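Using this note's numbering, the letters of the sequence shown correspond one by one to residues 707 to 1086.
Below is one structure, written out as structure tokens; the observations come after it.
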Amino acid sequence: MNRAFFDTEDFIIRDGVLLKYDGVEEEVIIPPVVSVIGEEAFKERGFPKTIIIPEGVHTIESYAFYFCDVKKIVLPNSLKTIGERAFAFCRRLEKADLPGNVSELGPDVFLGCNSLECFCVQPENKTFFVKNGCLFRKEQGDVILLRCPSAVQRSFIVPEDTTVIADYAFYDCGGLSELSIPDSVKTLGPSSLYGLSRTCEVRLPKSFSVCETDTFQNRKIRQAREPKRNRSGFGFGVKVFTTAEEILEYDRQYKQNHLIQGAIKIKTENGIKSVTGCDKDIKGIVNVPAGVLYIEAFAFAYRTEITEVILPEGLRSIGESAFEGCASLRKIRIPDSVTDIGHNAFSGCRRLEEVAALNMLDPYPQSIYSSVDSFCPNGQ
């Protein structure tokens, strides 16, 4: 068998890199000539349900299994590197078992795997470990909480020795009603608490050495924190509420700077309006109001009943994954004022039939969307 080129009806392999799988088998054993699972090789595949990766594979590249319906993946001991979002939104994946030689995980590898009940890490692994069901990484003296599985429900206490909580660590933990973060945590990354429900009480330590500016900007976290009013004495970010007057003033400023227009949440900061999110039950045609300059990352993500989006003239930017997973979205018109569209802005919009872009971004980046049947540049 020629290692340089291997092509069947199901696999396209070049120089040991599996470029694409296009079969319909429920169980797939990847050929032994493969050493790398290429970028997007299994992206959005409805099949297979079980994938067995052979010994000799050392790398799984970014987005390799993105939105794949796989339930079980067997990883080899030879595996060393898993790229960014390699298994993101594999919504049927039930278990993640990291071999002992894996030393590098890209960002958000298991983001959106909401059927994932547990993580397992082989005991000989020197970089990653599991504690209280969650996946951790040891790095230069820090203990980093990477991901909590969806099985974590109701009350959860972050282990005492944790020093960093990574981005989207609780993305799939919408069932939590109470989250306690110990004083050992010194760093919260951007969006580290994204995904918690509005009714979740988040108890934070009194201070942090690093608190990224957008850590608490997500509407769910802000609304989750407000009802309990800090009775335990914990502070919110670098702010500590000690009196009822301080809380009332915070509420006044929040209502002044954040407008709820229909089902859309709009933030105003220094005169600049941004869409930060929307209600879970938003549906039909969404008309983003005039004056909005930015659609923030994940603002409309996984709102599966949105069918059409109308964006205003003057809009400048559409954030990463802003409309990701909007399964019923069929049409969107992008004004000529938009100069930046984030990665995967429309990924997973499987019914998207038309993207009309007015005088912008030529050629149009393939990475921002998928499954688009008709792309109409210049509004045609």
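Glycine included, each C-beta is placed from N, C-alpha and C at the ideal position.
No experiment lies behind these values; they were computed from the predicted model shown.
Close Cβ partners of residue i (< 8 Å) along its chain, the five nearest in sequence each way excluded
{"i": "ILE850", "result": "PHE842, ARG843, LYS844, THR868, THR869, VAL870, ILE871 and ALA872"}
{"i": "VAL994", "result": "ILE970, VAL981, ILE1001, VAL1015, ILE1016, LEU1017, PRO1018 and LEU1021"}
{"i": "GLU731", "result": "ASP716, PHE753 and PRO754"}
{"i": "ILE978", "result": "LEU999 and TYR1000"}
{"i": "GLY722", "result": "ARG709, VAL739, VAL740, SER741 and VAL742"}
Terminal residues of the beta strand (DSSP E) in which residue i lies
{"i": "SER1053", "result": "Here SER1053 belongs to no beta strand (DSSP E), and DSSP marks it neither H nor E."}
{"i": "GLY983", "result": "978-984"}
{"i": "LYS1037", "result": "1037-1040"}
{"i": "ARG909", "result": "907-909"}
{"i": "GLU1059", "result": "Segment: none, GLU1059 is in no beta strand (DSSP E) and carries neither H nor E."}
{"i": "ILE736", "result": "Looking at the DSSP string, ILE736 is not in any beta strand (DSSP E), and its letter there is neither H nor E."}
{"i": "PHE717", "result": "717-720"}
{"i": "SER883", "result": "882-886"}
{"i": "THR756", "result": "756-758"}
{"i": "LYS749", "result": "Looking at the DSSP string, LYS749 is not in any beta strand (DSSP E), and its letter there is neither H nor E."}
{"i": "LYS892", "result": "Here LYS892 belongs to no beta strand (DSSP E), and DSSP marks it neither H nor E."}
{"i": "VAL723", "result": "723-727"}
{"i": "LEU974", "result": "Note that residue 974 is Thr in the sequence shown here, rather than Leu. Run containing THR974: 970-975, per the beta strand (DSSP E) assignment."}
{"i": "GLY901", "result": "That residue, GLY901, is in no beta strand (DSSP E); it is neither H nor E in DSSP."}
{"i": "GLY1031", "result": "Careful: GLY1031 lies outside any beta strand (DSSP E) and carries neither H nor E."}
{"i": "ILE988", "result": "ILE988 -> no beta strand (DSSP E), and no H or E assigned at all."}
Contacting residues, own chain, Cβ-Cβ under 7 Å from residue i (five flanking each side not counted)
{"i": "ARG1039", "result": "ILE1016, LEU1017 and ALA1062"}
{"i": "PHE793", "result": "PHE771, LEU799, VAL815, PHE816 and CYS819"}
{"i": "ILE1024", "result": "ILE1001, VAL1044, ILE1047, GLY1048 and ALA1051"}
{"i": "GLY752", "result": "ASP775"}
{"i": "CYS824", "result": "LYS801, GLY839, PRO855 and ALA857"}
{"i": "GLU830", "result": "GLY806"}
{"i": "ASP848", "result": "THR869 and VAL870"}
{"i": "ASP728", "result": "ASP716"}
{"i": "ALA1003", "result": "GLY1025, GLU1026, SER1027, ALA1028 and GLY1048"}
Nearest-angstrom beta carbon gap, residue j and residue i [assumed within contact, 8 Å]
{"i": "ARG1022", "j": "SER1043", "result": "6 Å"}
{"i": "GLU767", "j": "VAL742", "result": "7 Å"}
{"i": "ASN783", "j": "PRO805", "result": "5 Å"}
{"i": "SER903", "j": "GLY880", "result": "5 Å"}
{"i": "SER890", "j": "GLU866", "result": "6 Å"}
{"i": "PHE876", "j": "GLY901", "result": "5 Å"}
{"i": "ASP803", "j": "LEU781", "result": "6 Å"}
The ligand SAM heavy atom lying under 6 Å from the CB of residue i
{"i": "ALA794", "result": "In terms of ligand content, the structure shown is empty, and the ligand SAM therefore cannot be addressed."}
Cutoff 6 Å; reference residue i; Cβ partners in own chain excluding five residues on either side
{"i": "GLY1031", "result": "ALA1007, TYR1008 and GLY1054"}
{"i": "ASP878", "result": "ASN820 and SER856"}
{"i": "LEU724", "result": "VAL740, ILE743, GLY744 and ALA747"}
{"i": "THR756", "result": "GLU733 and LYS778"}
{"i": "GLU810", "result": "THR787"}
{"i": "PHE795", "result": "PHE773 and GLY818"}
{"i": "ILE863", "result": "SER886"}
{"i": "GLN828", "result": "PRO805 and GLY806"}
{"i": "ILE735", "result": "ILE758"}
{"i": "PHE835", "result": "VAL827 and PHE842"}
{"i": "ALA996", "result": "PRO1018"}
{"i": "GLU790", "result": "SER768, GLY812 and PRO813"}
Below-7 Å beta-carbon distance, residue i vs any chain D residue
{"i": "GLY729", "result": "Absent from the structure: chain D. Only one protein chain is present."}
Can you give, in chain order, each stretch of the beta strand (DSSP E) that sits fully within the region 776-837 and has at least 3 residues?
778-780, 801-804, 824-827 and 834-837
Counting Cβ pairs, one atom from each stretch, are 3 or more of them under 8 Å apart for the region 984-995 and the region 1004-1016?
yes
Threshold first: 3 residues or longer. Then list the beta strand (DSSP E) segments lying entirely within the region 832-868, N to C.
834-837, 840-845, 848-853 and 860-863
Output the residue ranges of the beta strand (DSSP E) runs that lie fully inside the region 995-1019 and measure 3 residues or longer, sorted by chain position.
998-1001 and 1012-1016
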